[in-house]
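A.B. asks: Structure provided below as structure tokens; questions to follow.
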Amino acid sequence: MGFHEDTAEILEDGPMARPYLLTGGRVRSDAGDLAVEAMVSAAEGAAVPADSELAEIFALCATPNSIAEISAKRAIPIGVARVLVADMWGAGILEILQTTRSDDIAIVRRLLDGIRKR
Numbered sequence: 008m009g010f011h012e013d014t015a016e017i018l019e020d021g022p023m024a025r026p027y028l029l030t031g032g033r034v035r036s037d038a039g040d041l042a043v044e045a046m047v048s049a050a051e052g053a054a055v056p057a058d059s060e061l062a063e064i065f066a067l068c069a070t071p072n073s074i075a076e077i078s079a080k081r082a083i084p085i086g087v088a089r090v091l092v093a094d095m096w097g098a099g100i101l102e103i104l105q106t107t108r109s110d111d112i113a114i115v116r117r118l119l120d121g122i123r124k125r
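Count along the sequence shown from 1, then add 7; that gives the number in the working numbering.
Shown next, in the form of structure tokens:
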């Protein structure tokens with residue numbers, strides 16, 4: 008098999024962009040660093056981004072998702088998801104849903120209870 012035939016087999020599922028291409032080589036967003044557990048939702052009235060990857064993330068965020076969930080569902084590295092989501096947040100396309108301190112404690116307690124039950 009030649010190079011082009013091998014490449015054709017790899018690309019049957021569609022083109023694959025290297026992660027650094029999705030972020031323009033950046034590892035941080037100018038909008039700031041976000042926690043991987045931050046819950047994200049599409050901003051009300053925001054237009055769907057023209058970029059296909061951003062449009063997919065926007066569609067996922069019709070219901071709240073954490074950055075970690077976006078990473079897993081889009082099969083992109085967590086660092087890339089953090090940069091893209093932060094960029095979209097900075098542009099007003101996504102909203103970061105804040106949790107209160109009591110919510111954080113409740114989450115940790117539920118996690119511990121779940122671990123203890125196993």
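Beta carbons are placed, not taken as given, at the ideal position from N, Cα and C, and that holds for glycine.
Model, not experiment: these values are computed from the prediction.
Quickly, what does DSSP pair A47 with across the bridge? List them, please.
C.D. replies: Position 40 of the sequence shown, counting from 1, holds the residue named residue 47. According to the sequence provided, residue 47 is Val. The question's Ala does not apply to it. Note: V47 sits in a beta bridge opposite N72, I103.
A.B. asks: Less than 8 Å between the CB atoms is what I'm expecting for G97 and A53, so what's the real figure, rounded?
C.D. replies: Position 90 of the sequence shown, counting from 1, holds the residue named residue 97. Position 46 of the sequence shown, counting from 1, holds the residue named residue 53. About 12 Å separates the two Cβ atoms, so there is no contact after all.
A.B. asks: How many angstroms separate the CA atom of S73 from the CA atom of A57?
C.D. replies: If you number the sequence shown from 1, residue 73 lands on position 66. If you number the sequence shown from 1, residue 57 lands on position 50. If you take the alpha carbons of S73 and A57, they lie about 22 Å apart.
A.B. asks: For V55, which of helix, strand or coil comes out of DSSP?
C.D. replies: As a working note, residue 55 is residue 48 in the sequence shown. It is coil, neither helix nor strand.
A.B. asks: If you follow the alpha helix (DSSP H) that G97 is in, where does it begin and where does it stop?
C.D. replies: Here residue 97 is taken as the residue at index 90 of the sequence shown, counted from 1. First-last of the alpha helix (DSSP H) with G97: 85 to 97.
A.B. asks: Straight-line CA distance for V92 to K124?
C.D. replies: In the sequence shown, residue 92 corresponds to position 85, counting from 1. In the sequence shown, residue 124 corresponds to position 117, counting from 1. Their backbone Cα atoms lie some 34 Å apart in a straight line.
A.B. asks: Quick one: using the 10 Å Cβ neighbour count with 16 as the cut-off for buried, is V55 buried or exposed?
C.D. replies: Against the sequence shown, residue 55 aligns to sequence position 48. The residue in question, V55, is exposed, as its Cβ has fewer than 16 Cβ neighbours within 10 Å.
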